[in-house]
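J.: Under full-length UniProt numbering, the sequence shown has 137 at position 137, and the numbering climbs by one with no breaks.
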Amino acid sequence: MERPRNKKFILSILLVIPFLFGGFISNETMMPAFRMKKIVLDAGHGGKDPGNLGSKSREKDINLAVTLLVGKYIEENLPDVEVVYTRKDDSFPTLKQRPQIANNNKADLFVSIHSNSAANKSAYGTETFVMGTKHFEANFDIVKRENSVMLLEDNYEENYEGFDPTSPESYMLFNLASKVNFENSLSLADQIETQFKDRVGRKSRGVKQGPFYVLWTPSMPSVLVELGFLSNSTEERFLMSRQGQEYMASAIYRSIRDYKERIEAN
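Structure follows, in structure tokens:
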């Protein structure tokens, strides 16, 4: 009779142990570590939409050249990361399709690459935007210009449910945007601007917020990069050159690499 009783006692102890010591098991053991597996790169504009025009350049061409280089550097140096492009040629994905590609692919990061322009031809420097409405009035011209791409699309009134990119009132709904990915977006944007300034020697105009449609709908950290001003002849020459494109692309790549390392270490 004693032996069965001992067996029951030992069995009871074995059943209780997980409950007694479960609290001492770290979350890292219980939860799989995050890995950045997929990134969507978006070359702004394309096809019938040339974007901003310099004296000798079209924004869509510069955006595509830099975007393809960023993807090349990621594929060569981060083989565990899959790169998806919204376009790899002179095609015209709609403003709505670009973030949809990221969402449909369940991407971990969305980076949209653009080139700037201004009436003041002496304006120059880089800017990286995250989704937000802070200082909206100061940034409205660039936001309106980028979002107005939708006016080139067929049936844009239906596709965007009456949203008017030229009306400040339409942007009130952007205040409802999710804040979940804001901090990570901000971290990447800051790294990009730091790379542009410290490694490439460009003038950084800083990290800014803007209610860009392509940043509003992605369900992952997202940034919109402005490489420089095509309206500035010196900056235009730099961005048209192969060396300039390689420098800017390598800066964006390094930022993504460092962001990946940081986010996976947490």
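All C-beta atoms, glycine included, are put in the ideal place defined by N, C-alpha and C.
Using 8 Å as the cut-off, can you tell me whether the stretch 70-88 makes contact with the stretch 247-262, which would need three or more C-beta pairs spanning the two stretches below that distance?
T.: As far as the Cβ criterion goes, the stretch 70-88 touches the stretch 247-262, which means the pair count is three or higher.
J.: Could you pull the start and end residues of the beta strand (DSSP E) that Ser112 belongs to?
T.: Note, Ser112: beta strand (DSSP E), 109-116.
J.: Quick one: what does DSSP say Ala119 is sitting in, helix, strand or coil?
T.: Here Ala119 sits in coil by DSSP.
J.: Comparing C-alpha positions only, which one of Ala102, Thr133, Asn63 sits nearest to Val83?
T.: Nearest option by C-alpha distance: Ala102.
J.: Which residue wins for smallest C-alpha separation from Thr166, given the options Leu151, Asn63, Phe182, Lys144?
T.: Answer by Cα proximity: Lys144.
J.: What are the partner residues of residue 285, as DSSP defines its beta bridges?
T.: Limits of the chain in this structure are 1 at one end and 266 at the other, which puts residue 285 out of reach.
J.: Could you give the DSSP three-state label for Arg205: helix, strand or coil?
T.: Arg205 falls in the strand class under three-state DSSP.
J.: Touch check for the stretch 90-107 and the stretch 189-203: three-plus C-beta pairs under 8 Å?
T.: Taking 8 Å as the limit for Cβ pairs, the verdict is that the stretch 189-203 does not touch the stretch 90-107.
J.: Any chance the stretch 182-198 sits against the stretch 126-136, with 3 or more Cβ pairs inside 8 Å?
T.: Touching, per the Cβ criterion.
J.: Straight-line CA distance for Gly210 to Ser219?
T.: So the alpha carbons of these two residues sit roughly 17 Å apart.
J.: Is it buried or exposed, Gln195, if we count other Cβ atoms within 10 angstroms and call 16 or more buried?
T.: That one is buried.
J.: According to DSSP, Met131 sits in a beta bridge with which residue or residues?
T.: Met131 pairs with Gly210.
J.: Does Tyr85 come out as helix, strand or coil in the three-state DSSP assignment?
T.: Tyr85 falls in the strand class under three-state DSSP.
J.: For the stretch 110-119 against the stretch 225-233, are there 3 or more C-beta pairs whose distance is under 8 Å?
T.: Yes, the stretch 110-119 is in contact with the stretch 225-233.
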